[in-house]
Amino acid sequence: MNADDTTFLWARPGPAKRGPKPRFTLDAIADAAVAIADEHGLEAVTMQEVASRLGTTKMALYRYLPGRAELDALILDHALDSPGPLSGGGWRSALARWAEELHRRMRARPWAVELSQRPHVPGPVELTWFEGALAEMADLPLRGSEKLDVLALLAGHVMSLARRQAQVERPEADLARGLAPVLSAHAGEFPRTASAFSETADDGTQDDALRFGVDRILDGIQVLVTERGSPDV
């Protein structure tokens, strides 16, 4: 997808034009497409299905969207929605909230994970997510490319976990249950593995992968910015 594919997302209402008014808004089209994805998965979202949901024809829908790439851009921006406020508590706390909020959105709509990882140009809502997080890193001694890499690391962790959780609600706990009979019977061969799974079950830290990964990423960034001379967290 190139930048021209998403220009319609930035359109602002202009003066009323002569002639019949459009029957649908982009929001209405996005609502219909998102509802289909929520109910039946991303593969069910087609121009034909969206048109049927709206009570119109596929050809009529092309008045609003040139094709599937533009529909994908529209529904991804719609599914993400604007992030909540991040400021307060320092850059680490803000970026942790950013990752947790992104995870909440993606876990609610796991099909958006696949959509976000297809080649695309970010729309206005996605760029709002970038802007909010970058504002929290404004005073850090990092280059722009490094700040973007921080967001890529956090988003990659979030997306990977959300994809796993779409398949299994509590992946670590389910894995532990599945392995329990094997590890019990073969504990002598795999003592460290048996111990690790036993400890996570006992101390209640199973399925804490989101915050653990986010904290370790931010620990690494903290080391780097401290070496360069940074504001406190």
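Following this note's numbering, the numbering of the sequence shown begins with 13 at its first residue and continues without gaps. Backbone N, C-alpha and C fix where the C-beta goes; we use that ideal spot for every residue, glycine too. These figures come from a predicted structure and were not determined experimentally.
Take H169, set aside five residues on each side of it, and the residues of its chain with a beta-carbon closer than 8 Å to its own are A111, L222, G225, V226, I229, in chain order. Here DSSP, grouped into helix, strand and coil, assigns D93 to coil. In this structure, R104 places its C-beta atom within 8 Å of the C-beta atom of Q234. Around the Cβ of Q177, a 10 Å sphere holds 16 or more other Cβ atoms; the residue is buried. For R121, the CB contacts under 8 Å within the same chain, skipping 5 residues up- and downstream, are V46, A49, D50, A91 in chain order. DSSP places A49 in the uninterrupted alpha helix (DSSP H) bounded by 38 to 52. Around the CB of W141, 16 or more other CB atoms lie within 10 Å, so the residue is classed as buried. With respect to the 8 Å criterion, A206 and A199 are classified as neighbours on the basis of their beta carbons.
The continuous alpha helix (DSSP H) containing G156 extends over residues 156 to 179. About 25 Å separates the beta carbon of L166 from that of L86, a gap too long to meet the 8 Å contact definition. Residue state for Q60 is assigned as helix, using DSSP reduced to three classes.
In the three-state DSSP reduction, R75 falls in the coil class, being neither helix nor strand.
Within the same chain, and ignoring the five residues on either side of E61 in sequence, the residues whose Cβ sits closer than 6 Å to its Cβ are I48. Residue environment for Y76: buried (at least 16 other C-beta atoms within 10 angstroms of its C-beta). Only exposed fits S99, as fewer than 16 other CB atoms lie within 10 angstroms of its CB.
If you compare the alpha carbons of P153, A42, L160 with that of R80, the shortest gap goes to A42.
Judged by beta-carbon spacing, A106 lies within the 8 Å limit of E148, meaning their Cβ atoms are closer than that value. The alpha-carbon of G232 is positioned some 52 Å away from that of M71. Cβ neighbours of A174 within its own chain (closer than 8 Å, five residues either side excluded): H115, M118, R119, P122, V125.
Nearest neighbour of A63 by Cα position, chosen from G53, R35, L88, turns out to be R35. Around the beta carbon of A44, a 10 Å sphere encloses 16 or more other beta carbons of the protein chains shown; the residue is thus reported as buried. By a beta-carbon distance limit of 8 Å, P136 does not contact E113. Their separation comes to about 17 Å.
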